[in-house]
Amino acid sequence: MLRFDLKRKQKEIEEIDYWEMGILDLKISYFGDEVSLCLEDYHNKEKYWEIKFLVCAKVEYSNDALDIQWRKDQPVKNMTRGELHHHGQEISLQIYEENPDFVKCMVDIGLLQMTIVCRDIQIEHLDLKGAHFFWQDNDVL
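The letter at position 79 of the sequence shown is residue 79 when you use the working numbering, and the numbering goes up by one with no holes.
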């Protein structure tokens, strides 16, 4: 049995109004057990949203690395904020058919699509002040 109401969680995600919002960062931590997606908040420039997918059983993704014309062999870690073109497109949830205690999450952020199978999802509205994203180091170069 899921640890949360699936429809309510989908509504919470939709209330972020994430469509076309810039993606600040995506982190996969703890050997794939946790995925963190950080999104701009166009309604409050002093805050950002973090969606954490917790107790992940499966994390699959595809990105634009094969598109040599677009990426020009440049690693994402060396890009500035202006060079990143990831924006919220779609986040949808459904019960994972193989185990109803888990949820299957389809995440489309433009240049990257993910399928995450996880046990829980947390949503936080955090202060930008003091937050650190990898591209901030590149913007000052």
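Just so it is clear, CB atoms sit at the ideal spot from N, CA and C, and this is done for glycine as well.
Limits of the beta strand (DSSP E) - the one that residue i falls within
i: residue 16; result: Residue 16 -> no beta strand (DSSP E), and no H or E assigned at all.
i: residue 61; result: 47-62
i: residue 125; result: 113-127
Supposed close pair residue i, residue j - CB separation, criterion 8 Å
i: residue 132; j: residue 109; result: Not a contact, Cβ separation roughly 20 Å.
Spatially closest choice to residue i from the options, by CA coordinates
i: residue 64; options: 1, 58, 113, 5; result: 113
i: residue 101; options: 121, 89, 22, 67; result: 121
i: residue 43; options: 36, 125, 134; result: 125
i: residue 10; options: 123, 134, 135, 66; result: 123
Below-7 Å beta-carbon distance, residue i vs any chain C residue
i: residue 2; result: The question asks about chain C, but that chain is absent: this structure has only one protein chain.
Sequence-distant residues of the same chain with beta carbon closer than 6 Å to residue i, five excluded per side
i: residue 94; result: 104
i: residue 32; result: 56, 59
With 16 other Cβ atoms within 10 Å as the buried cut-off, status of residue i
i: residue 141; result: With a pLDDT of only 47 at residue 141, under 50, the local geometry of the prediction cannot be trusted, and the value read off the model is given with reservation. Burial call: exposed.
i: residue 130; result: exposed
Same chain, Cβ closer than 7 Å to residue i, neighbours up to 5 away in sequence not counted
i: residue 40; result: 21, 22, 24, 48
i: residue 128; result: 46, 47, 48
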